[in-house]
Amino acid sequence: MSNSASAQSATVAQQADHYTFQLSDKVTRQKVMFKNRYGITLMGDLYIPKNTKGKLPALAISGPFGAVKEQSSGLYAQNIAERGFITLALDPSYTGESGGEPRHVASPDINTEDFSAAVDYLGIQASVDRNKIGIIGICGFGGFALNAAAVDKRIKAVATTSMYDMSRVNANGYFDATTLEQRTQTLEQLSLQRWMDAENGTPALAPKGLPDKIEGNEPQFVKEYFDYYKTERGFHLRSINSNGSWTVTNVLSFMNMPILTYIKEISPRPVLLIAGENAHSRYFSEDAYKAACEPKELMIIPQAVHVDLYDRLDVIPFDKLTEFFTKNLK
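Residue 144 in our numbering is what sits at position 137 of the sequence shown, and the numbering runs on without skipping anything.
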C-alpha cells in the first residue's frame, strides 16, 4: 500500500471511530454486541456511571432515524449515565456497526424489535435491575420506542424527543398532505423498482437525503438537518444522514404498517413526549399525546427546533428526563 493510500485508510478509520461529543470523566463506555429476535447482531455502547454499587436502573436509547450511536443517542446515553443510570445507545439493524443485509434499510417491525433486544441485553446484566428498564427514542426512533413500549411490557416507562411517526410521514407525507393519487403513484413506482432490483441482484440506493451544500432556497428544516448531519457539529462517516442514503424501496413497509396503532396499550405505564416549539415535527408528538392514555405528559421546549433536541445541552431537558425515569422506574 502506498503512503498516500495508507494515510487515506488511516483517516477513514479515524473518522469511523469519531464521536460527536467528548467522553465524560464521570462514566465508562464499552462496546457491546447482542442479537435481536431475528438473529441480527446489534452493536451498542454501554455507559456506566463511575463509583456506583448495586443494581442500577437502565435505559436503552436509539435514534434519530438514519443516525448512529456516536451521534445523538450516545450523547443522551452519556448524560443520563452521569445521573446514575446504566444506558445503552445502539445502532439499529442494517445500519452503523450493527449487522443485517442488505445495508441501509429500515423496518417498522425490526426496528421496534431492536429496542426489545436491547431490553433483553440490559435485563441479563448483573449490574442492572431488570425491573427498572425504560427506553428513549429520538426522532424516527421515537415512534418505534412507543411501539416497543406498547408490545413489550418489561419496558416500565418511555420518553421521546423530536418524535417522528415514520409510518405516517411515509404513508401520508408531511402534515398528511399526500393525496390518494400521489400515494398510489408512489406505490406503483416502488413496486416496479422491485423488479429492477431483482434483475440487478441488489437494491438500488435513493439519492442522498441531504444536499452536499446548501443553496439557500431549501425548506428551513432541511437547512437545520444539514447544520447537524453535514457539518462538524454532527457528521459521522457511518451515519446514513451524513454520508449515504436509504434504499429506494425502503419506505414500502412503512406505508401500510402504522406503528402507533396500539399506543393506548402503553398505559398504565407512563409516556413523556418532548418536542420543540418551532419544530416542523411538533405535530407528531402532539397527536401521539392525544392518542395515548394516562399517565402521559407533553413537554414543549420554547423556541426550539427539531434538531436542537439532538445535541444542544442547554435545550435538551436532561433534568426532566432524569426526574421522569427516576420516578417511574420503580
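Ideal Cβ positions, reconstructed from N, Cα and C, are used throughout, including at glycine.
For A295 and H313, believed in contact at Cβ under 8 Å, the rounded distance: Contact annotation, H313 with A295: C-beta distance approximately 15 Å; criterion of less than 8 Å not satisfied.
Can you give the beta carbon distance from G338 to V158, rounded, assuming they're within the 8 Å contact cut? Outside the shown range of the chain, which is 8 to 337, sits residue 338, and nothing can be said about it.
With DSSP as the reference, please indicate the residues paired to R36 in a beta bridge. For R36, DSSP records a beta bridge to Y54.
On a CA-only basis, which of I323, E239, I87 is nearest L95? Give me that one, please. Checking every option, the nearest Cα to that of L95 belongs to I87.
For G141, which beta-bridge partners are listed by DSSP? According to DSSP, which records beta bridges pairwise, G141 is partnered with L66.
Span of the beta strand (DSSP E) holding A282? That run of the beta strand (DSSP E) goes 278 to 283.
Measuring alpha carbon to alpha carbon, tell me which residue in G51, E225, P115 is nearest N263. Nearest C-alpha to N263: P115.
By the DSSP assignment, the alpha helix (DSSP H) with M264 in it spans what residues? No alpha helix (DSSP H) holds M264; DSSP gives it neither H nor E.
Close-in-space but distant-in-sequence residues of the same chain around Y26 (CB under 7 Å, 5 per side omitted): Correct list, in chain order: E77, G81.
How many Å lie between S169 and D326 at the Cα? When only Cα atoms are considered, S169 and D326 end up about 17 Å apart.
If I follow the unbroken beta strand (DSSP E) through K303, where does it start and stop? Segment 303 to 308, the beta strand (DSSP E) holding K303.
Distance, Cα to Cα, T256 vs P210? Each residue's Cα considered, the two are about 8 Å apart.
Return the residue from the list P56, E108, A67 that minimises the CA-CA distance to G46. Nearest C-alpha to G46: E108.
For the beta strand (DSSP E) containing T168, list its first residue and its last residue. Counting along the chain, the beta strand (DSSP E) containing T168 begins and ends at 165 to 168.
Once you ignore the five residues that flank G73 on each side, which residues in its own chain have a CB closer than 6 Å to its CB? Contacts found: I247, N248.
Give the DSSP bridge partners of L30, in chain order. Answer is none; L30 lacks a bridge partner.
Any idea if A67 is buried or exposed, counting beta-carbon neighbours within 10 angstroms, 16 or more meaning buried? Around the Cβ of A67, a 10 Å sphere holds 16 or more other Cβ atoms; the residue is buried.
Just to confirm my understanding: we take R44, look at its own chain, exclude 5 residues before and 5 after, and list those with CB closer than 8 Å. What are they? These residues qualify, in order along the chain: E120, S123, A124.
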